[in-house]
Structures are given as structure tokens and as C-alpha cells.
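S.K.: Same order as they appear, the protein sequences are chains A, B, C, D, E and F. Heads up: the first sequence begins at 21 in the numbering used here, then just goes up one per residue. Heads up: the second sequence begins at 21 in the numbering used here, then just goes up one per residue. Heads up: the third sequence begins at 21 in the numbering used here, then just goes up one per residue. Heads up: the fourth sequence begins at 21 in the numbering used here, then just goes up one per residue. Heads up: the fifth sequence begins at 21 in the numbering used here, then just goes up one per residue. Heads up: the sixth sequence begins at 21 in the numbering used here, then just goes up one per residue. Here it is, the structure in full.
Number of protein chains: 6
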Amino acid sequence: MSEFSHLDESGAARMVDVSEKPAAARTAVASGTLHTTAEVVALLAEGGLPKGDALATARIAGIMGAKRTPDLVPLCHPIALSGVDVEFELGHSEVHVTATARTTERTGVEMEALTAVSVAGLALHDMVKAVDAAASMDGVRLDRKEGGKAGVWTRPEGR
Amino acid sequence: MSEFSHLDESGAARMVDVSEKPAAARTAVASGTLHTTAEVVALLAEGGLPKGDALATARIAGIMGAKRTPDLVPLCHPIALSGVDVEFELGHSEVHVTATARTTERTGVEMEALTAVSVAGLALHDMVKAVDAAASMDGVRLDRKEGGKAGVWTRPEGR
Amino acid sequence: MSEFSHLDESGAARMVDVSEKPAAARTAVASGTLHTTAEVVALLAEGGLPKGDALATARIAGIMGAKRTPDLVPLCHPIALSGVDVEFELGHSEVHVTATARTTERTGVEMEALTAVSVAGLALHDMVKAVDAAASMDGVRLDRKEGGKAGVWTRPEGR
Amino acid sequence: MSEFSHLDESGAARMVDVSEKPAAARTAVASGTLHTTAEVVALLAEGGLPKGDALATARIAGIMGAKRTPDLVPLCHPIALSGVDVEFELGHSEVHVTATARTTERTGVEMEALTAVSVAGLALHDMVKAVDAAASMDGVRLDRKEGGKAGVWTRPEGR
Amino acid sequence: MSEFSHLDESGAARMVDVSEKPAAARTAVASGTLHTTAEVVALLAEGGLPKGDALATARIAGIMGAKRTPDLVPLCHPIALSGVDVEFELGHSEVHVTATARTTERTGVEMEALTAVSVAGLALHDMVKAVDAAASMDGVRLDRKEGGKAGVWTRPEGR
Amino acid sequence: MSEFSHLDESGAARMVDVSEKPAAARTAVASGTLHTTAEVVALLAEGGLPKGDALATARIAGIMGAKRTPDLVPLCHPIALSGVDVEFELGHSEVHVTATARTTERTGVEMEALTAVSVAGLALHDMVKAVDAAASMDGVRLDRKEGGKAGVWTRPEGR
């Protein structure tokens with residue numbers, strides 16, 4: 021059975037030694053969806069254009085959140101991110117968030133992409149909560165990663 | 021139609037002035053669920069006991085994350101949190117996370133509770149990703165809040 | 021001759037004890053101006069409207085920067101900010117930044133307002149530097165403060 | 021007409037992908053001037069020697085501020101700074117601040133040098149504000165940068 | 021037998037709810053000693069005067085460290101510190117560090133005073149390590165606290 | 021006589037330029053001991069097993085603290101840590117803390133290892149202080165470092 025690499029044989033948490041891993045270009049894409057109301061999505065989008073600073077605020081939060089990943093996720097390595105994008109797609113009553121993170125370091129950027137999505141989601145939550153306190157962030161997950169020894173991984177159908 | 025209080029009349033983001041709101045005891049409860057595999061849940065729980073530091077790591081991440089809320093969510097007020105709890109419930113192939121945040125300040129702690137859940141979820145994601153890269157965090161949402169002028173709010177059925 | 025309150029009689033830096041000061045509503049307004057080129061201002065404003073996320077990015081940076089004041093300015097007290105606004109006014113070849121900070125604590129928010137202006141200025145600098153490396157941030161200063169024992173102060177003419 | 025590289029074609033903010041840029045030794049020098057009163061400068065300098073911890077406090081603030089650049093400036097890349105200096109020159113009624121930042125990474129350190137100057141300026145502002153509330157930080161700008169594909173840039177006369 | 025208040029009945033870590041505790045003036049004093057060599061102490065003190073920025077750097081580190089306490093100590097409450105002092109006393113081959121922290125909040129500032137001492141000690145360690153890699157920080161401990169329901173506590177003789 | 025490399029010839033603090041130093045695998049081991057009471061150690065260890073989250077909390081604090089080193093120690097370079105371990109050994113009335121930090125950068129990780137020990141010690145202090153307010157952290161020191169031009173250093177006997 022597979023084991024958690026973040027725990028040593030005694031079960032103690034550790035930041036795994038990646039000294040021996042090669043520096044390599046690595047990319048990760050993650051996404052998630054804030055489910056809210058049609059009214060809120062209408063406030064966010066008027067005629068297809070972002071309204072005021074609402075989406076920009078969440079985008080900046082996601083990008084800055086990606087940089088905070090090692091401060092937030094206890095066993096993540098601090099790395100030099102070489103790029104982050106956060107995109108929003110407005111649906112009928114939901115906002116779909118996609119984040120892409122890139123590095124050229126010894127370890128992957130899955131957590132940076134997931135953190136960008138989560139923090140952008142928190143900023144959206146904060147923006148809409150006075151109008152829709154019942155909004156829900158769903159499906160925060162990794163979609164794709166590539167680079168390093170493991171090569172390309174894409175999310176299997178049905179998960 | 022309701023408006024976003026975080027944007028002024030021109031659409032510019034702002035940290036709303038809460039000087040006039042009364043200091044009051046306020047509580048918020050949020051939750052979410054990491055969907056993973058039965059194998060991962062078995063690794064997290066052996067005989068009903070937490071395995072090593074896995075859940076403790078995520079719990080600490082959530083509590084510390086709650087304290088970082090104003091650093092992460094751009095328009096949140098910095099407040100003196102008076103207490104935070106993060107609890108996990110292990111299901112068949114999922115981990116349910118619940119966080120409670122408390123303050124006695126001029127503004128609510130919904131975002132602190134939601135941030136605790138999201139960051140605990142990120143730490144779980146990080147812990148399990150080598151075993152289950154397809155894990156997904158779902159239903160990150162506010163369950164209940166009380167305190168201040170608005171009184172008690174509980175999540176309506178069906179949302 | 022007046023002395024620096026941030027240094028004790030031996031010249032050692034300290035965070036002054038404000039325990040005896042009353043909690044009170046306090047406001048500070050600060051401003052500054054990024055001098056750049058007419059080309060850059062035209063990129064920032066097209067027909068009077070902000071272009072994309074440029075100004076929103078700087079506004080969010082300023083608001084988040086205000087919250088980071090005690091992390092940046094060594095002898096500043098950590099306080100619960102009750103509100104922050106950052107506004108931009110576009111001139112011919114300059115961007116004027118004004119920030120207002122509010123609290124209800126035992127110490128003033130001059131540094132929070134000045135930090136909001138400086139950090140918004142840094143974000144503008146970062147945005148425009150590929151087009152105008154020679155941009156300059158000038159006149160970062162306090163315009164007005166009120167609240168607490170000292171009452172209202174407004175910047176004297178000619179300074 | 022030149023465009024802002026920090027915005028994509030739709031105007032959305034992004035942290036630009038620098039994966040393809042070469043790692044190289046890079047240096048940036050920035051400066052600025054705090055205009056205050058002759059009385060304040062006399063307090064800062066007695067017989068040519070720094071008084072107590074005043075300038076040291078501002079110097080440390082500037083150095084630590086440079087390290088905080090990616091936390092403050094939303095679209096800046098987190099990088100491994102390889103050195104930072106902050107120097108002060110006392111004039112009649114002003115303090116001139118110069119900062120030099122160095123790295124061997126894929127992107128320049130202009131923002132780190134500018135942030136060091138701005139944060140040192142904020143710390144000076146904080147130190148002197150009880151004596152001179154009307155102090156002003158001016159001319160925060162890049163003086164010189166070198167390294168990477170762009171080679172050496174020096175500030176043109178008259179800007 | 022006494023129990024750890026930071027763990028609930030199941031052993032899970034939590035940030036204890038202090039909502040019911042009264043806001044009160046509270047003070048804590050902590051200290052510690054860096055043991056190094058006579059040569060290093062001579063470098064730090066020449067004729068009784070601090071040399072350059074060495075001690076100022078450590079003092080600022082301690083004061084800023086106190087403000088970072090809730091970011092560092094997982095179960096500490098974020099509080100509004102109302103004052104921090106860090107003092108050094110130079111002995112033959114050691115530097116004694118004393119820190120005083122003050123607040124008017126619902127919980128004590130023991131950890132803030134201990135953190136100021138520890139972080140000032142780390143900065144001293146960093147300053148001297150090229151000359152004395154074997155320096156040691158000892159006796160980091162609480163000396164006195166007062167305020168709140170518990171009243172005054174002073175360290176017992178012989179501990 | 022040796023000089024502090026962190027100060028320039030005028031005594032001003034600086035972050036030393038390490039651009040010319042080679043990137044290399046580097047390791048540092050540091051340790052320290054929290055002296056408390058047998059009662060507290062019994063609470064931490066029941067039958068050899070960690071009780072609840074107490075030690076995990078301190079371990080996570082130490083690992084996260086190591087990542088915060090450049091934020092805490094003013095003249096430390098920000099680096100990409102490639103691994104951190106924190107271990108506890110329970111004695112009769114003391115807890116011994118050992119931390120190992122690794123990097124492949126241009127500068128050593130002594131301060132990261134020392135910070136991990138200090139912050140883990142602070143978290144233990146916080147955990148036990150309600151039961152033993154007189155606990156003391158002692159012997160925080162570097163035990164061994166290797167890598168880079170200086171090769172292997174081990175702590176001499178008798179220091």
C-alpha cells in the first residue's frame with residue numbers, strides 16, 4: 021500500500037528532502053467553481069464585461085495566494101514561481117476559476133495552482149457573501165500537471 | 021437589486037468602514053469535504069486513530085490559515101480572533117472538515133471560518149496528492165453565523 | 021528641542037507603550053503622485069475608463085499594504101483597521117494616489133495611510149516599468165488626520 | 021504603442037511567465053528623498069554620527085522590505101535576493117535614501133530596490149512624524165539596472 | 021493532574037476561546053542569554069558603545085518578531101500589542117536579552133515577550149556566527165507577568 | 021581581529037552579496053532543550069506515544085518557522101529550502117529538539133535550522149505554559165553544518 025511521503029516511518033511530519041530531484045520546467049493547472057445565484061453572476065457580469073473591481077480583486081487574491089503557498093501549507097517547499105495566471109468563466113449561477121502555475125525548480129507546483137484557486141474562491145466568497153451567504157466553492161482539484169520525472173498527468177474521466 | 025458592499029458606487033474595491041458597527045461576540049461555522057479514495061482514508065485512519073501527524077498537520081494549517089485571512093482576502097478587516105477550532109470526520113472515501121471561528125470585534129468571522137476550512141483542505145490535498153492526485157475539495161461553505169445586528173443565520177435547506 | 025518618541029533616552033528603538041491612550045475613532049488621509057509619461061497614462065485610461073486590471077491591481081496592493089503596515093514599519097503598533105480606501109486620479113502624465121485609513125484603536129493610522137499610498141505606488145511602478153523605467157513617485161505625505169487627543173491636523177500650506 | 025506586459029490581451033492581470041528567461045546576475049539601484057526639517061536632520065545626525073537606532077531602524081526596514089516585495093507587489097515574482105544595501109545621506113533638511121538589490125535569477129530586481137527605498141522611507145516617516153508631521157517622500161525612482169538581456173540602463177538626464 | 025488547555029478532550033489542538041475573558045492591561049517580561057566569546061562581545065561593544073548597527077539590528081528583529089508571534093506560534097491569539105521593549109546587557113562573553121511586551125486585550129503576552137527574546141537571539145546568532153559558530157542561546161524564559169485574573173507571577177527562585 | 025560580515029566598514033547593516041558564491045548542497049543541524057517538569061513530560065508522552073497534537077503542533081511550528089527565517093532574521097537571504105526535519109526526544113523533565121535544514125543554494129542554512137529549533141521551542145513553551153510557567157529553552161545552538169566551500173563543521177567539545 022502506498023504511504024504518505026510527507027510523514028516519516030514514525031508518522032512524524034517533515035518537509036521531504038528534494039535536493040536530489042532535478043530542477044525542471046514544471047506546470048500545474050487547477051480549477052474550482054463557486055456556486056452562487058444568477059443575481060450574483062449578473063452583478064459580476066454586466067453585458068459580458070467585469071463589473072468594477074470584483075473579478076480583478078479575486079484574480080489578484082489568487083495570484084498573491086499562490087505566492088503564499090509555503091506560508092499556508094505546512095510541508096510545501098518555498099519555491100521561485102515563474103508565472104501564475106488566474107482566469108474566471110461566468111456561467112448561469114456559478115463562477116468557474118482556473119489557475120495555472122509554473123516553476124523551474126526541483127518540485128512541482130500543484131499546491132500553488134490549488135492555492136491560487138482556493139484563495140481566489142475565498143475572495144469571491146467574500147465579495148458575494150452579503151448578497152448570497154449560501155455560496156459554495158466546489159470541485160477544487162488538480163486538472164493537469166507536467167514536467168519533472170513524472171511527465172504529464174491529466175485528471176482521469178469520472179473523478 | 022442588491023449591490024456588493026465591497027465596491028463603491030464607481031465599482032472601485034474598498035475595505036468598508038466598520039467604525040460605526042458595535043463590537044459584539046460573533047461566531048461563524050463553515051465546512052467542506054475532501055473527496056479522495058478509500059485507500060487514502062484508510063491511511064489517515066487506522067483503527068479509528070489518526071495516523072501520525074497527518075490530521076494534526078491539516079488542523080494546524082487551518083487554525084494558522086484563519087489567522088492569515090486578512091493577508092489573503094484583500095478586503096477583509098484585520099481582527100483579533102478570540103478562538104478557532106478545526107475538526108475532521110472521516111467517511112468512506114472523504115474527509116469532512118468543520119471550522120468554527122469566534123471574535124468580539126466590529127465585523128463577522130465568516131471569512132475566517134471559510135479560510136480555515138480551505139487551508140485545512142489544501143494541507144490535506146498536499147498530504148494525499150502523491151497517493152491520490154485526483155482528490156477534490158467540495159462544498160466549502162458557511163453553515164451558520166451568529167452575533168451582531170444580523171443575529172443568527174443558518175444555511176437554508178437545499179443550498 | 022523635540023525628541024523622537026520611538027527612541028528611549030539611550031537612543032534605543034522601542035515600540036512606545038500606548039496602553040494609557042484612549043481607544044478613539046481616528047482617520048488619516050495620505051497622498052502621492054506617480055510621475056510617468058502621457059503614453060503610460062493613456063494606456064491606464066482609455067476614454068476615461070480604467071484599462072483592464074491595471075488600476076485595480078494597484079488599488080488592491082494599496083489596501084493589502086495598509087494591512088501589512090506593522091510587518092513593514094518596525095515600530096508601528098499592530099492595530100485593527102476599520103476601513104481603507106485608495107483612489108486614483110489620472111492627470112496628463114501622472115497618477116495621483118489618495119488613501120484614507122480608519123481605526124477605533126489607541127493609536128493613529130497615519131502610517132497605514134502612507135503605506136497604502138507607497139505600496140499602491142510600487143504596484144503602479146511595477147505595472148509601468150516596462151514602458152517607462154524612469155517613472156518617479158513623489159510627494160508621499162500625510163494630508164490630514166483626525167481623532168484622539170490631538171484633534172484635527174491638516175497639512176500646512178507651503179509644505 | 022507599447023503595452024503593459026502584466027496584463028494579457030483581455031486586460032487581465034497575470035504574473036508573466038519567465039521560465040524561458042535565463043538566470044543571470046542582475047543589479048538594480050533605486051533612490052528617494054525624505055524632505056523634512058533641519059531640526060529633524062539635526063536629531064538624526066549629531067556631529068556626523070547617527071543618533072541611536074534611528075537610521076539603523078530605517079535601514080533594517082528597507083532591507084526586510086526588499087524581501088517582502090513579492091508579498092506587496094501583486095505581480096512580482098518571488099526570487100532569491102543575493103544581496104541588499106540601503107544607504108542614507110543626510111542633507112540640510114532632507115535624508116537621501118539609496119538601495120541596491122542583487123539577484124542571480126530569471127527576472128530583474130528593480131522592484132526590490134524600489135521597495136527597499138519606499139519602506140526605508142516609511143520607517144523614516146514613522147520616526148519623524150511626531151516632530152514633523154508634514155515630511156514628504158519624493159523622487160522614489162530607479163537610477164540604474166544591469167544584467168540580463170537588456171544590459172545596462174541608467175536614468176536619463178532630465179527625468 | 022493539570023491538562024494542556026490548548027488541546028481539547030480528544031487531544032486535538034485548538035485556539036482556545038477567550039471571548040469571555042475581560043480585556044485588561046497585561047504585561048510580560050522574558051529574558052535569555054546568548055553565550056559567545058569575549059572577542060565577539062568586544063566587537064559588539066567598543067568602549068561601552070554599540071558598534072554600528074549590530075545591536076540595533078537584533079533589537080528591531082526582536083520587536084518585529086513580537087508582532088509575528090501569532091504567525092509563528094500556532095495556537096496563539098492575534099492581539100493588538102500596545103508596546104514592546106528589547107534591551108541588551110553585555111557581559112564578559114555573553115549578551116543578556118530582556119523583552120517586555122504589553123497589551124490591553126483578553127489574553128496575556130507571555131508568548132510575545134518570549135518570541136521577542138528568541139528572535140532577537142536568532143538575529144544575534146546570525147550576526148556572530150561567522151566569528152563564533154558555536155554560540156548558544158540559553159535560558160529563554162518568562163521572568164514576570166501581570167494583569168488579568170491571574171494577577172502577578174514572578175519566576176520562582178531556583179527554576 | 022575578525023569582523024562581522026553583516027556590517028560594512030562604517031558599521032551599517034547589509035545583506036551580504038552572495039552572487040559569487042556557488043550553488044551547492046548544504047545541510048545544517050541545530051538543537052536545543054526545553055527544561056520543564058516531569059509532570060509536563062508525562063503529559064506530552066503517555067506510554068511512549070505522543071499525546072494528541074502537542075508534539076505535532078510544535079513540529080509543524082518549527083518546520084513553518086524555518087520557512088519564515090528571512091522574514092524574522094533581518095540580514096538572512098531568502099532561499100529555497102529543499103527539506104526540513106524537526107525531531108523531539110523526551111527526557112525526564114525536558115524535551116530535546118533537533119532540526120535539520122537543507123538547501124542547494126548559494127548560502128548556508130544554519131539560521132533556518134536554528135529558527136526551526138527556536139520556533140518549535142516557542143510552540144512547546146506555549147503548550148506547557150499554563151502548567152509550567154517557568155519552563156526554559158536552553159542550548160539553542162548549531163551542532164553541525166556541511167556543504168559549500170567551508171566543508172564540514174562540527175561543534176567542538178566543551179562549547
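Every residue gets a Cβ at the ideal spot worked out from N, C-alpha and C, and that includes glycine.
Inspect the beta-carbon positions of C:Ala48 and C:Leu162 and report whether they are closer than 8 Å.
M.R.: The residue you call residue 48 of chain C lines up with position 28 of the third sequence. The residue you call residue 162 of chain C lines up with position 142 of the third sequence. Yes, the pair counts as a contact, with Cβ atoms nearer than the cut-off.
S.K.: Any Cβ of chain E within less than 8 Å of the Cβ of B:Met35?
M.R.: By one-based count along the second sequence, residue 35 of chain B stands at place 15. With 8 Å as the cut-off, B:Met35 does not count as an interface residue toward chain E.
S.K.: Between C:Gly178, C:Glu166 and C:Val139, which lies nearest to C:Gly85 when the distance is taken from Cα to Cα?
M.R.: In the third sequence, the residue the question calls residue 85 of chain C occupies position 65. Comparing Cα positions, the closest option is C:Val139.
S.K.: Beta-carbon separation of A:Arg46 and A:Val106 under 8 Å?
M.R.: As a first step, residue 46 of chain A is located in the first sequence; it is residue number 26 there, counting from the start. As a first step, residue 106 of chain A is located in the first sequence; it is residue number 86 there, counting from the start. No, Cβ-Cβ distance for A:Arg46 and A:Val106 is not below 8 Å.
S.K.: Report the option in B:Ala119, B:Ser51 and B:Ser113 whose CA atom is closest to the CA atom of B:Ile80.
M.R.: As a position in the second sequence, residue 80 of chain B is number 60, starting the count at 1. Of the listed residues, the one whose Cα sits closest to B:Ile80 is B:Ala119.
S.K.: Would the beta-carbon of F:Asp73 fall within 8 Å of that of E:Leu27?
M.R.: As a working note, residue 73 of chain F is residue 53 in the sixth sequence. As a working note, residue 27 of chain E is residue 7 in the fifth sequence. Cβ atoms of F:Asp73 and E:Leu27: closer than 8 Å.
S.K.: On the three-state DSSP scale, how would you describe C:Lys41?
M.R.: Stepping through the third sequence from its first residue, residue 41 of chain C is reached at position 21. Correct three-state label for C:Lys41: coil.
S.K.: Can you check whether the C-beta of C:Lys41 is within less than 8 Å of a C-beta belonging to chain B?
M.R.: Counted from its first residue, the third sequence places residue 41 of chain C at position 21. So, not an interface residue.
S.K.: Skipping 5 residues on each side, what residues in its chain have a beta carbon closer than 6 Å to that of E:Ile99?
M.R.: On the fifth sequence, residue 99 of chain E is found 79 positions in, with the first residue counted as 1. Cβ within range, chain order: Thr123 and Glu125.
S.K.: Is the distance from the Cβ of F:Met35 to the Cβ of D:Val104 below 8 Å?
M.R.: Locating residue 35 of chain F in the sixth sequence gives position 15, counting from the first residue. Locating residue 104 of chain D in the fourth sequence gives position 84, counting from the first residue. Contact flag set, yes.
S.K.: For F:Ile83, which residues in the same chain have their Cβ closer than 7 Å to its Cβ, ignoring the five residues on either side in sequence?
M.R.: In the sixth sequence, residue 83 of chain F corresponds to position 63, counting from 1. Here the set comprises Val104, Val106 and Ala136.
S.K.: Can you give me, in chain order, the residues of the region 78-98 of chain A that have a beta carbon less than 8 Å from any beta carbon in chain F?
M.R.: So the list reads Pro90, Asp91, Pro94, Leu95, His97 and Pro98, given in the order they occur along the chain.
S.K.: Buried or exposed for F:His112, please, with buried defined as at least 16 other CB atoms from any protein chain shown within 10 angstroms of its CB.
M.R.: On the sixth sequence, position 92 is the one that residue 112 of chain F refers to. Exposed: under 16 other Cβ atoms inside 10 Å.
S.K.: Which residue's Cα is closest to the Cα of A:Ile33: B:Ala76, B:Glu109 and B:Thr56?
M.R.: Along the first sequence, one-based indexing puts residue 33 of chain A at 13. Checking the displayed sequence, the identity of residue 33 of chain A turns out to be Ala instead of Ile. Checking every option, the nearest Cα to that of A:Ala33 belongs to B:Ala76.
S.K.: Please return the same chain residues whose Cβ sits closer than 6 Å to the Cβ of C:Trp173, not counting the five positions on each side in sequence.
M.R.: Residue mapping note: residue 173 of chain C aligns to position 153 of the third sequence, counting from 1. Closer than 6 Å at the Cβ level, and outside the excluded window around C:Trp173, lie Lys165.
S.K.: For D:Leu110 versus D:Leu64, is the C-beta distance shorter than 8 Å?
M.R.: Sequence index remark: in the fourth sequence, residue 110 of chain D carries index 90 (1-based). Sequence index remark: in the fourth sequence, residue 64 of chain D carries index 44 (1-based). Against a cut-off of 8 Å, the Cβ pair of D:Leu64 and D:Leu110 comes out as a contact.
S.K.: Whole angstroms are fine: how far does the CA of B:Ala58 sit from the CA of A:Asp91?
M.R.: Translated into the one-based positions of the first sequence, residue 91 of chain A becomes position 71. Translated into the one-based positions of the second sequence, residue 58 of chain B becomes position 38. Looking at the two C-alpha atoms, the distance is approximately 29 Å.
S.K.: If I follow the unbroken alpha helix (DSSP H) through C:Asp146, where does it start and stop?
M.R.: In the third sequence, counting from the first residue as 1, residue 146 of chain C sits at position 126. Residues Glu130 to Val148.
S.K.: Would you say A:Asp73 faces chain C, with C-beta separation under 8 Å as the test?
M.R.: Taking the first sequence and counting its residues from 1, the one referred to as residue 73 of chain A is at position 53. Chain C, which has a Cβ nearer than 8 Å to the Cβ of A:Asp73, makes this yes.
S.K.: Put D:Glu23 into one of helix, strand or coil per three-state DSSP.
M.R.: On the fourth sequence, position 3 is the one that residue 23 of chain D refers to. Three-state result, D:Glu23: coil.
S.K.: So with CB distances below 8 Å, who are the chain D contacts of A:Val104?
M.R.: Position 84 of the first sequence, counted from the start, is the residue given in the question as residue 104 of chain A. Near A:Val104 (Cβ distances below 8 Å), the residues of chain D are Arg34 and Met35.
S.K.: Nearest-angstrom Cα distance between D:Pro176 and D:Gly31?
M.R.: On the fourth sequence, residue 176 of chain D is found 156 positions in, with the first residue counted as 1. On the fourth sequence, residue 31 of chain D is found 11 positions in, with the first residue counted as 1. When rounded, the distance between both Cα atoms is 30 Å.
S.K.: Check whether chain D comes within 8 Å of A:Leu181, counting only Cβ atoms and requiring the distance to be less than that.
M.R.: The first residue shown for chain A is 21 and the last is 179, placing residue 181 of chain A beyond what the model contains.
S.K.: List, in order along the chain, the chain C residues whose C-beta lies closer than 8 Å to that of E:Arg186?
M.R.: Absent from the model: residue 186 of chain E. The displayed extent of chain E is 21 to 179, so no value can be given.
S.K.: Please confirm whether F:Leu101 and A:His97 have their CB atoms less than 8 Å apart.
M.R.: Counting from 1 along the sixth sequence, the entry for residue 101 of chain F is found at position 81. Counting from 1 along the first sequence, the entry for residue 97 of chain A is found at position 77. Contact: yes.
S.K.: Against chain A, with Cβ distances strictly below 8 Å, would C:Ala76 count as a contact?
M.R.: If you number the third sequence from 1, residue 76 of chain C lands on position 56. It does; some Cβ of chain A falls within 8 Å.
S.K.: Leaving out the 5 sequence neighbours to the left and right, which residues in its chain are closer than 8 Å to C:His145 when beta-carbon positions are compared?
M.R.: For the purposes of this step, residue 145 of chain C is taken as residue 125 along the third sequence, with counting starting at 1. So the qualifying residues of the chain are Leu54, Ala155 and Met157.
S.K.: With DSSP as the reference, identify every bridge partner of F:Asp105, one or two as the case may be.
M.R.: Reading the sixth sequence from its first residue, position 85 is the one you call residue 105 of chain F. F:Thr120, per the DSSP bridge assignment.
S.K.: If we count the other Cβ atoms within 10 Å of its Cβ and call it buried at 16 or more, is F:Glu29 buried or exposed?
M.R.: The count along the sixth sequence starts at 1 and reaches residue 29 of chain F at position 9. Label assigned to F:Glu29: exposed.
S.K.: If you reduce the DSSP assignment to three classes, tell me which class E:Gly52 lands in.
M.R.: Working through the fifth sequence from its first residue, we reach residue 52 of chain E at position 32. Of the three classes helix, strand and coil, the one that applies to E:Gly52 here is strand, per DSSP.
S.K.: Does the CB of F:Leu162 have a neighbour CB from chain E at under 8 Å?
M.R.: Within the sixth sequence, residue 162 of chain F is the residue found at index 142, counting from 1. Chain E, which has a Cβ nearer than 8 Å to the Cβ of F:Leu162, makes this yes.
S.K.: Could you pull the start and end residues of the alpha helix (DSSP H) that A:Leu63 belongs to?
M.R.: Position 43 of the first sequence, counted from the first residue, corresponds to residue 63 of chain A. Where A:Leu63 is concerned, the enclosing alpha helix (DSSP H) stretches over Ala58 to Leu64.
S.K.: Let me know if D:Lys149 comes out buried or exposed under the rule of 16 or more other beta-carbons within 10 Å of its beta-carbon.
M.R.: Counting from 1 along the fourth sequence, the entry for residue 149 of chain D is found at position 129. By the neighbour-count rule (16 or more Cβ atoms within 10 Å), D:Lys149 is buried.
S.K.: Between which two residues does the beta strand (DSSP E) containing C:Gly159 stretch?
M.R.: The count along the third sequence starts at 1 and reaches residue 159 of chain C at position 139. C:Gly159 -> beta strand (DSSP E) spans Ser156 to Glu166.
S.K.: Measure how close the beta-carbons of D:Met131 and D:Ala78 come, nearest whole angstrom, since I'm counting them as under 8 Å.
M.R.: Here residue 131 of chain D corresponds to residue number 111 of the fourth sequence, with the count starting at 1. Here residue 78 of chain D corresponds to residue number 58 of the fourth sequence, with the count starting at 1. Not a contact, Cβ separation roughly 19 Å.
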